[in-house]
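Throughout the sequence shown, residue numbering follows our numbering, covering 393 to 572 in sequence. Here a beta-carbon is modelled for each residue, glycine too, at the ideal position from N, C-alpha and C. Below is one structure, written out as structure tokens, with a few remarks after it.
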Amino acid sequence: MTASEILSNSPRPDRLLLGSLLALLLSACGGGGDAPPEASTPAPPPAAQAASPAADTPQSTGLTPLPTPNEVLASVKIGRDDPFAAIPSPSSGGAAARRGATTQARLTLPPAFRFSGVIRSGGASQAIVEYGATSGALSVGDRGGRTTDLLPSGWTVAAINVDRGQLTLRQGKQTVSAEL
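This is the structure:
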């Protein structure tokens, strides 16, 4: 036998490697047994079994039992008898207090106050007004007696609508609007 015959008859390294990988793969995939694995359901713990009978029998603890959800819902008044009736204020005590609230005077513009125009500059709206002997521009949030002399003390600029030519002033909880 010559050296060339020995090399041609010997297995090549790539075939040897492929054969060993195939053998390894087949041995790894082979099953050891035909029986499927068994699944067992654990028994409930003894504490859960003991709690079930106790929940069914009431114990005399001397405590008042809690109301059921239906009892709680039945005790709560939902809605209003007349949805269109005026909302009563919490501070209103009697009929005299309610009558006073309905007969309260409507807010009017302060005397000696004149609204003459609106401008929008740099994205900020301003109202041109005169109050007494002074004139100038008001912005939203200006407060009379604090930040400006163009409003009486206690009055605030609530809104300025340049498109409508409208100025809204507030005194307390009431508002009044002036239009051009």
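Here L542 has V521, Y523, T526, G528, L530 as same chain residues with Cβ atoms under 7 Å from its own Cβ, once five neighbours each way along the sequence are excluded.
According to the DSSP assignment, L559 belongs to the beta strand (DSSP E) that extends over 558-563. Each residue's CA atom was taken as its position, placing E571 and F476 some 31 Å apart. The secondary-structure analysis by DSSP pairs N553 across a beta bridge with Q558. The beta-carbon distance between L499 and V549, rounded to whole angstroms, is 14 Å. This is too long to meet the 8 Å contact definition. Distance between L559 and V468, taken at the CA atoms: about 45 Å.
Taken atom to atom, the span from the alpha-carbon of N553 to that of R562 is near 15 Å.
Under the DSSP assignment, V464 falls in the alpha helix (DSSP H) whose first and last residues are 461-467. Taking the Cα positions, S452 is about 14 Å away from L458. By the 16-neighbour rule on beta-carbons within 10 angstroms, T540 is buried. For G528, the enclosing beta strand (DSSP E) stretches over residues 526-531. By the CB criterion at 8 Å, V532 and S517 fall inside the cutoff.
C-alpha of R472 to C-alpha of V464: approximately 18 Å in a straight line. Between W547 and G557 the beta-carbon gap is near 20 Å, outside 8 Å, which marks them as no contact. Residue environment for D555: exposed (fewer than 16 other C-beta atoms within 10 angstroms of its C-beta). Residue pairing for F505: DSSP places it in a beta bridge opposite Y523.
In the structure shown, R407 adopts helical secondary structure according to DSSP, grouped into three states.
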